[in-house]
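Numbering (UniProt numbering), first residue to last: 1 to 208.
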């Protein structure tokens, strides 16, 4: 039985996927989460084989930490579970470093993938197989020519949603001053005069 945790935004989305997975004879949904803190706590408490994670719920750094974490109570710390991350293609660029370091532990599928593909992905990850959407891999590798650092891409990615500096800082666990410094450097590197223009340039260039 594949013990599966769901960490997705929106109770309706989580509920629908939970019903889909629970209908499978070899999959057991053992918990749900909708914040990074709840996800980390649930991973330690439930020790699932696979966690299906919304890519908008966590940053690239948080994904890397979760993939490297060791659940409490396991012998010698125990191996971490595997993560199946659902990502919007336009945001795949920020995942390049994670993809390179954790491809055996983290699988990536498009946000728009058919529900049956998620079921298949859960089974594949549980079996230790690699799960990667080819289009996401291409988008992730596009960061090679980006002048932005991984942290700058994360800041701009969140800023693109229209969040103020305070909310960006809270989401990325940074100070407001650090976020402002990142935004200033981003605008200098992109040659943009406004934050919206920096977002447009970065998106057109495939950097976020």
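Don't be surprised by glycine CBs; every beta carbon is placed ideally from N, CA and C.
Please read all numbers here as calculations on a predicted model, not as lab measurements.
Contacts around residue i, its chain only, beta-carbon distance under 6 Å, and the 5 residues preceding and following it disregarded
i	result
residue 115	20
residue 146	207
residue 199	160
Start and end residues, alpha helix (DSSP H) containing residue i
i	result
residue 153	150-159
residue 43	36-46
Contact under 8 Å by Cβ, residue i with residue j
i	j	result
residue 107	residue 82	yes
residue 148	residue 186	yes
residue 66	residue 44	no
residue 87	residue 132	no
residue 22	residue 6	no
residue 89	residue 110	yes
residue 2	residue 126	yes
Per-residue DSSP class, three states only, for residue i
i	result
residue 31	strand
residue 106	strand
residue 116	helix
residue 174	coil
residue 10	coil
residue 57	coil
residue 207	coil
residue 111	coil
residue 71	Here residue 71 scores only 45 on pLDDT, less than 50, and its place in the model is too uncertain to base an answer on.
residue 98	helix
Contact test: residue i Cβ vs the ligand HEM heavy atom, cutoff 7 Å
i	result
residue 108	Summarising the ligand content, the structure contains no ligands, and the ligand HEM is consequently not present.
Residue i - containing beta strand (DSSP E), residue span
i	result
residue 5	2-7
residue 54	50-54
residue 195	Counting along the chain, residue 195 falls outside any beta strand (DSSP E), though it belongs to the alpha helix (DSSP H) covering 195-204.
residue 82	82-87
Own chain residues within Cβ distance below 7 Å of residue i, not counting five before or after
i	result
residue 172	59, 154, 155, 158
residue 72	Because residue 72 carries a pLDDT of 41, less than 50, the predicted location of this residue cannot be relied on, and the following value inherits that uncertainty. Correct list, in chain order: 44.
residue 36	57, 58, 62
Contact belief for residue i with residue j at Cβ below 8 Å, rounded distance in angstroms
i	j	result
residue 28	residue 4	7 Å
residue 84	residue 53	7 Å
residue 24	residue 113	No, residue 24 and residue 113 are not in contact; Cβ-Cβ is about 16 Å, not under 8 Å.
residue 182	residue 161	With a Cβ gap of about 15 Å, residue 182 and residue 161 do not count as contacting.
residue 122	residue 50	5 Å
residue 32	residue 14	5 Å
residue 130	residue 104	7 Å
Neighbourhood of residue i by C-beta, 8 Å cutoff - its chain only, sequence neighbours within 5 removed
i	result
residue 9	34, 54, 56, 57
residue 204	none
residue 176	165, 166, 169
residue 178	169
residue 163	171
residue 184	none
residue 193	187
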